[in-house]
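A quick write-up on the structure given underneath.
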Ligand SMILES: NC(=O)c1ccc[n+]([C@@H]2O[C@H](COP(=O)([O-])OP(=O)(O)OC[C@H]3O[C@@H](n4cnc5c(N)ncnc54)[C@H](O)[C@@H]3O)[C@@H](O)[C@H]2O)c1
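Numbering (this note's numbering), first residue to last: 230 to 478.
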C-alpha cells in the first residue's frame, strides 16, 4: 500500500487527487498539508510540512510556488521522495529542486497529462523540419482562478520548441502595445482567462502559405491527478535525482 501525503490537499487538484487515490486499492492518502488546515476528508490536515507527524512513502505537491522551497527542505530532512506539480516556480524553487535532488528523488512536471507530454514529443519531432520557415506562437486558455500566467504548460511547450531549434528563441509574453518589427527568433506566448476552462494549449506553426496547429484540450483535472499518481508510484522506486514526464512517457 503506497502511503501518500498531499501538499495543497484542500485545493482543486488536492481534492481531485483525494477522490482518485480513494478509488485505488493499492494507495491511500494518510495526511494532507494546506495553508488552510481544515479537515475536509478522512485524513488529518496540517498547516505546514513540519507540523505533519504522519509517516508516508511520498509527498505529492499541488499548492503554491511560495510553498515549494520549504516543502523541499522538509523532504530533505525526512528523506522523502516528492512529486512537484505546482507551477509558476521561481528561481528559489528551482535551486531547491536541484538541492533536494542530491538527497531524494524529485519528480517535477508543469503538466502531468499523458496528452501534453505526447504533444511535447510531437513538437520535438516536427520543429527541426519547420524551424527555418515557420514561426511559433503559443496560446493557452485557463479558468479565472488560475494564479500564474502564462501557464507552466505553455512554458514547457515553448521550452520543447526551443530545445529542438538550432537557433535559440526569445519568449514574448503578449504582443499588445508593441511596435517592434517581427523577428523569427521569437516565440509569442499568449494567455487567456475565462470561466472554468481546465486548460487548453495551442501551438501554432505559421509558415509561408500554410499553418499547422497542435491543440490539446483538458476536459477535466483527472488527467493531471492520474499522471501525478503514476509519478508517485514511479518516484518511490528511484534513487536521488531529478525526474520528469520524459522518464514516464
Ligand atoms: N502539473 C500539473 O499537471 C498541474 C495541473 C493542474 C494544476 N497545477 C498547478 O497546481 C497548483 C495548484 O492548483 P489548484 O488548481 O489545485 O490550485 P488551488 O488554488 O485550488 O489550490 C491550492 C491549494 O494550496 C494551498 N496552499 C497555498 N499555499 C500553501 C502553502 N504554503 N502550503 C500548503 N498549501 C498551500 C491553498 O490553500 C489551496 O488549498 C497550481 O500551481 C497549478 O498551476 C499543475
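Note that CB positions come from ideal geometry on N, CA and C, so glycine has one too. Values in this document were obtained by computation on a predicted structure and should not be read as measured data.
Proximity to residue i [Cα-Cα], best of the options
i: residue 237; options: 265, 249, 366 and 357; result: 265
i: residue 367; options: 427, 432, 423 and 310; result: 432
i: residue 469; options: 311, 390, 299 and 291; result: 311
i: residue 240; options: 256, 449, 254 and 261; result: 261
i: residue 446; options: 378, 440 and 383; result: 383
i: residue 452; options: 363, 345 and 351; result: 345
Backbone secondary structure at residue i - three-state DSSP
i: residue 467; result: coil
i: residue 260; result: strand
i: residue 247; result: helix
i: residue 331; result: coil
Residue i beta carbon near ligand 1 (any heavy atom closer than 6 Å)
i: residue 237; result: yes
i: residue 364; result: no
i: residue 346; result: no
i: residue 309; result: no
i: residue 463; result: no
i: residue 453; result: yes
i: residue 474; result: no
i: residue 296; result: yes
i: residue 430; result: no
Proximal residues to residue i (C-beta, below 6 Å), its chain only, five neighbours per side dropped
i: residue 198; result: There is simply no residue 198 to check, as the chain begins at 230 and stops at 478 in what is shown.
i: residue 212; result: Look at the range of the chain in this structure, 230 to 478, and you will see that residue 212 is not part of it.
Same chain only: Cβ atoms within 8 Å of residue i, ignoring 5 sequence neighbours per side
i: residue 450; result: 241, 242, 245 and 427
i: residue 353; result: 389, 392 and 393
i: residue 284; result: 232 and 259
Residues of its chain near residue i, where Cβ-Cβ distance is below 7 Å and the 5 sequence neighbours each way are ignored
i: residue 272; result: 258, 259, 260 and 261
Segment contact flag, the region 316-330 with the region 280-294, C-beta cutoff 8 Å, min 3 pairs: With the cut-off at 8 Å, the region 316-330 and the region 280-294 touch.
Contact between the region 273-287 and the region 298-306 (3+ Cβ pairs under 8 Å): Counting C-beta pairs with one atom in each stretch, the region 273-287 and the region 298-306 have three or more that are closer than 8 Å, which means they touch.
Stretch pair the region 459-466 + the region 335-346: three plus CB contacts closer than 8 Å: The region 459-466 makes contact with the region 335-346; the number of CB pairs closer than 8 Å reaches 3 or more.
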